[in-house]
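Below is one structure, written out as structure tokens; the observations come after it.
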Amino acid sequence: MAIRIQRILLPTDFSDYSATATKYACELVTKFDAELHLLHTLEVHLSSTPAFGMGLDLPSYVQESRTAAENSLRSVLDHQWSAGRKVVQAVVDGSPKAAIVRYARTHEIDLIILATHGRSGLAHMIIGSVAESVVRTAPCPVLTVRPGGHQCIMP
Numbered sequence: 162m163a164i165r166i167q168r169i170l171l172p173t174d175f176s177d178y179s180a181t182a183t184k185y186a187c188e189l190v191t192k193f194d195a196e197l198h199l200l201h202t203l204e205v206h207l208s209s210t211p212a213f214g215m216g217l218d219l220p221s222y223v224q225e226s227r228t229a230a231e232n233s234l235r236s237v238l239d240h241q242w243s244a245g246r247k248v249v250q251a252v253v254d255g256s257p258k259a260a261i262v263r264y265a266r267t268h269e270i271d272l273i274i275l276a277t278h279g280r281s282g283l284a285h286m287i288i289g290s291v292a293e294s295v296v297r298t299a300p301c302p303v304l305t306v307r308p309g310g311h312q313c314i315m316p
């Protein structure tokens, strides 16, 4: 059985952890001549957003956040590396745990490469793990990249 990896999904929160996962994604995209999907999830917490009476124009705030995320996605990859490659960039709304899996299903992703923040103990219990949830529910294999882990060197 041959393994065909044609579409790789790289969710990013623009952190240093995600930058490490980006290195893995770029290497595997090159190795498999695959299409790379960059995804950022825009999560708006209405319960912690100031009320309209406090002067916040929520639709404007959400649009500004979306525009900032789209601009940040454009700077994730080295432009020389991405030239001539098929790269799809997307900003979606919702919980990252669900949005990543939904995107993978909708776009027939073959591999998800996802950074893990390496939280444990109480922080893991309170915040939860996006990576853990994605691993359990994804429709395809998931490669998790831990902070400070060994670096993969492709032959």
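Heads up, the sequence shown is in my numbering, so the first residue is 162 and it goes up one at a time. Glycine residues also receive a C-beta, built at the ideal position from the N, C-alpha and C atoms.
Beta-bridge annotation (DSSP): residue 196 is paired with 168. The beta carbon of residue 252 sits closer than 6 Å to those of 201, 203, 227, 230, 231, all from its chain and outside the five residues before and after it, given in chain order. Here DSSP, grouped into helix, strand and coil, assigns residue 292 to helix. The segment 287-301 makes no contact with the segment 188-196: fewer than 3 CB pairs, one atom from each, lie closer than 8 Å. By the neighbour-count criterion, in which a residue is buried when 16 or more other Cβ atoms sit within 10 angstroms of its Cβ, residue 164 is exposed. The straight-line gap separating the alpha-carbon atoms of residue 239 and residue 199 is approximately 13 Å. Inclusion of residue 299 and residue 265 in the CB contact set at 7 Å is warranted, their separation being smaller than that value. Using a Cβ distance threshold of 7 Å, residue 306 and residue 181 count as a contacting pair.
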